[in-house]
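Using my numbering, the letters of the sequence shown map in sequence onto residues 1 to 230. For each residue, glycine too, the CB sits at the ideal point set by N, CA and C.
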Amino acid sequence: LNIAEYAAIKSKKGVAVFSMEMSASQLAMRLISSNGRINASRLRTGQLEDEDWSRVTSAIKMLKETKIFIDDTPGVSPEILRSKCRRLKREHDLGLIVIDYLQLMSVPGNSENRATEISEISRSLKGLAKELNVPVIALSQLNRSLETRTDKRPVMADLRESGAIEQDADMIVFIYRDDYYNKENSPDKGLAEIIIGKHRGGPTGSCKLKFFGEYTRFDNLSHDSVGSFE
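1. What residues match up with Lys208 in a beta bridge as DSSP calls it?
2. Can you check whether the CB of Phe174 is closer than 8 Å to the CB of Gly205?
3. Check Tyr180 in the structure and name its three-state DSSP category.
4. Should Asn35 go down as buried or exposed, given a rule of 16 or more other Cβ atoms within 10 Å for buried?
5. Leaving out five residues before and five after Arg123 in sequence, what residues of the same chain have Cβ atoms less than 8 Å from its Cβ?
6. Confirm, please, whether the CB-CB distance from Ile99 to Arg153 is below 8 Å.
7. Where do the N-terminal and C-terminal ends of the alpha helix (DSSP H) with Arg86 fall, by residue?
8. So which of Val17, Asp170, Leu31 has the shortest CA-CA distance to Ile60?
9. Can you check the stretch 100-165 for any beta strand (DSSP E) of at least 3 residues that lies completely inside it and give the ranges in chain order?
10. To the nearest angstrom, how far is it from the Cα of Glu184 to the Cα of Asp178?
11. For the putative contact between Val56 and Ser77, defined by C-beta atoms under 8 Å, what is the C-beta separation to the nearest angstrom?
12. To which residues does DSSP link Gly14 through a beta bridge?
13. Check Met62 in the structure and name its three-state DSSP category.
14. Since Ile137 contacts Ile3 with CB under 8 Å, what's their CB separation in whole angstroms?
15. Within a Cβ cutoff of 6 Å, which residues of the same chain sit near Tyr215, ignoring the five residues on either side of it in sequence?
16. If I follow the unbroken beta strand (DSSP E) through Asn185, where does it start and stop?
17. List the residues that DSSP assigns as beta-bridge partners of Asn220.
18. Taking all protein chains shown into account, decide if Glu79 is buried (16 or more other Cβ within 10 angstroms of its Cβ) or exposed.
19. Tell me whether Gly95 is buried or exposed, calling it buried when 16 or more other Cβ atoms sit within 10 Å of its Cβ.
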């Protein structure tokens with residue numbers, strides 16, 4: 001969602017967010033929290049402090065000037081998603097498509113097995129990106145097996161239900177937060193490790209970002225905090 005927010009504000013292009021896990025109102029709350037640096041819990045419960053109100057106003061004003069389109073239709077099919085994106089491309093100069101998340105999409109009439117469905121969805125999204133010349137960011141679930149490992153950093157094999165995702169994607173990015181698993185003694189408290197597992201034609205590696213849980217927001221670290229790529 002941070003990427004969608006940044007793209008909409010900086011590029012002024014249309015951004016389509018297809019959310020099948022959270023409602024449009026929940027996503028709007030997150031956008032306001034992230035953009036205004038407002039504690040998400042206080043915003044959600046309405047227990048705002050005096051200094052929060054000006055931030056809410058500023059965040060709403062800025063977001064109103066963007067072209068973020070949120071569609072929370074459950075179980076949307078690739079065909080319907082393609083139709084909606086074509087219209088947004090024609091009418092609002094669509095520049096980014098975000099899908100949360102891929103496994104919640106559906107393929108009508110296809111009941112062979114879930115892996116086959118995911119493969120079809122993945123190929124369809126690849127075709128959509130090429131047709132519209134618009135990047136597609138599709139979130140994916142990971143296998144639960146990584147929870148049993150000592151090193152819980154996700155790897156390519158953890159992508160759930162289909163190797164087609166690994167094959168079709170131009171870039172695969174994982175997020176790992178050590179303090180999620182080691183709440184008391186994590187050396188990386190408040191940090192998120194961004195792992196580039198695949199980059200077609202580019203380097204892989206990792207870097208770290210600051211994570212503000214109260215805003216559900218990622219920000220850059222200082223320039224002297226570098227990552228490693230190869």
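Based on what the coordinates show:
1. Glu193
2. no
3. Here Tyr180 sits in helix by DSSP.
4. buried
5. Ala164, Asp168
6. No; because the gap between Cβ atoms is not below 8 Å, this pair is not in contact.
7. 78-92
8. Leu31
9. 136-138
10. 10 Å
11. With a Cβ gap of about 36 Å, Val56 and Ser77 do not count as contacting.
12. Lys67, Leu94
13. Three-state result, Met62: helix.
14. 6 Å
15. Ser33, Ser34, Arg37.
16. Following the DSSP letters along the chain, one finds Asn185 in no beta strand (DSSP E), marked with neither H nor E.
17. Paired residue(s): Leu209.
18. exposed
19. Residue environment: Gly95 is assigned as buried (16 or more neighbouring CB atoms within 10 Å of its CB, all protein chains considered).
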